[in-house]
Amino acid sequence: EAQVTQNPRYLITVTGKKLTVTCSQNMNHEYMSWYRQDPGLGLRQIYYSMNVEVTDKGDVPEGYKVSRKEKRNFPLILESPSPNQTSLYFCASSSFSGSSYNEQFFGPGTRLTVL
Amino acid sequence: AQSVTQPDIHITVSEGASLELRCNYSYGATPYLFWYVQSPGQGLQLLLKYFSGDTLVQGIKGFEAEFKRSQSSFNLRKPSVHWSDAAEYFCAASGGSYIPTFGRGTSLIVHP
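In order, the protein sequences belong to chains A and B. Residues in the first sequence are numbered consecutively from 1, following our numbering. Residues in the second sequence are numbered consecutively from 1001, following our numbering.
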């Protein structure tokens, strides 16, 4: 089954404790992206990757890191989480048709609470 | 810069009434266009997409959308709304080498 998986689905942590949210897709997609969703603010892009070893900042990259060492994986790293990073996080992936990016497939989301 | 605008933050309709959610885009050329739905507590699911050809596209759950090049719009419609349609709806676009762009979303409230 084609899917994007995220782990963990729920996480409660404390300020300053490094954490990683994993994202994996099994569709051989070139494009992967991380979003955060907060009430009233819609989806805001954190980082994206157009292919292996190619990553770039989105709209709200501060406090986050990513890496793309393999095509299927795109982990999101919070080196020193703060309470303002409490949010719902989504990973997504998409293929490139040669002229544009196709629809994105989304993971189920990770609900992060930083105390 | 490429952008997608959903001018309505909230829309309230009665069950059984018709629905139209607005979406406008700003791109250098005709982009690929998408509508996604996010039910409460769920991830995003693709409702429909437009790449080219017929400007009226049909999607899942009885939704349709019409691409109007002259108005740079891709509005989502449904003739009769059900209570289960209450959700957040996102319009998105991608074009050329530009990464996909999302609108801010429209929250649909359905009254019985």
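We put the beta carbon where it would ideally sit given N, CA and C, even for glycine.
At a C-beta separation below 7 Å, R1104 (chain B) has these neighbours in chain A: G42.
A buried status is given to I46 (chain A), since no fewer than 16 other beta-carbon atoms sit within 10 Å of its beta-carbon.
In the three-state scheme derived from DSSP, where H, G and I count as helix and E and B as strand, N102 (chain A) is classed as coil. Taken in chain order, the complete beta strand (DSSP E) segments of 3 or more residues contained in the region 49-85 of chain A are 54-57, 76-78. For V14 (chain A), the CB contacts under 6 Å within the same chain, skipping 5 residues up- and downstream, are L115 in chain order. Per DSSP, W1083 (chain B) lies in no beta strand (DSSP E) segment and is marked neither H nor E.
Apart from sequence neighbours up to five positions away, the residues of its chain that approach S94 (chain A) with a beta-carbon distance below 6 Å are H29, Y31, Y101, N102, Q104, ordered along the chain. About 6 Å separates the Cβ atoms of G63 (chain A) and Q85 (chain A), confirming a contact at the 8 Å cut-off. For S95 (chain A), none of the residues of chain B pass the 8 Å Cβ criterion, the least Cβ distance being about 11 Å. Shown here for I1109 (chain B): same chain residues with a beta carbon closer than 8 Å to its own, the five before and five after excluded, namely H1010, I1011, T1012, V1013, A1086 in chain order. Using a C-beta cut-off of 8 Å, the region 1045-1061 of chain B makes no contact with the region 1013-1028 of chain B, since fewer than three inter-stretch Cβ pairs fall below that distance. With respect to the C-alpha of D38 (chain A), the residue from A:G98, A:S99, A:Y89, A:G107 having the closest C-alpha is A:Y89. Nearest neighbour of E1020 (chain B) by Cα position, chosen from B:P1100, B:Q1071, B:T1101, B:E1064, turns out to be B:E1064. Listed in chain order, the positions of the region 1026-1050 of chain B with a beta carbon within less than 9 Å of a beta carbon of chain A are P1031, Y1032, F1034, Y1036, Q1038, G1041, Q1042, G1043, L1044, Q1045, L1046, K1049. Residues of chain B whose Cβ lies closer than 9 Å to the Cβ of F90 (chain A) are, in chain order, G1043, L1044. In the DSSP assignment, V1004 (chain B) falls within the beta strand (DSSP E) that extends over 1003-1005.
Nearest neighbour of G1053 (chain B) by Cα position, chosen from B:P1007, B:P1031, B:G1041, B:P1100, turns out to be B:P1031. The three-state reading of DSSP puts S1039 (chain B) in coil, since its state is none of H, G, I, E or B. Counting the other CB atoms within 10 Å of its CB gives R9 (chain A) a total below 16, which places it among the exposed residues.
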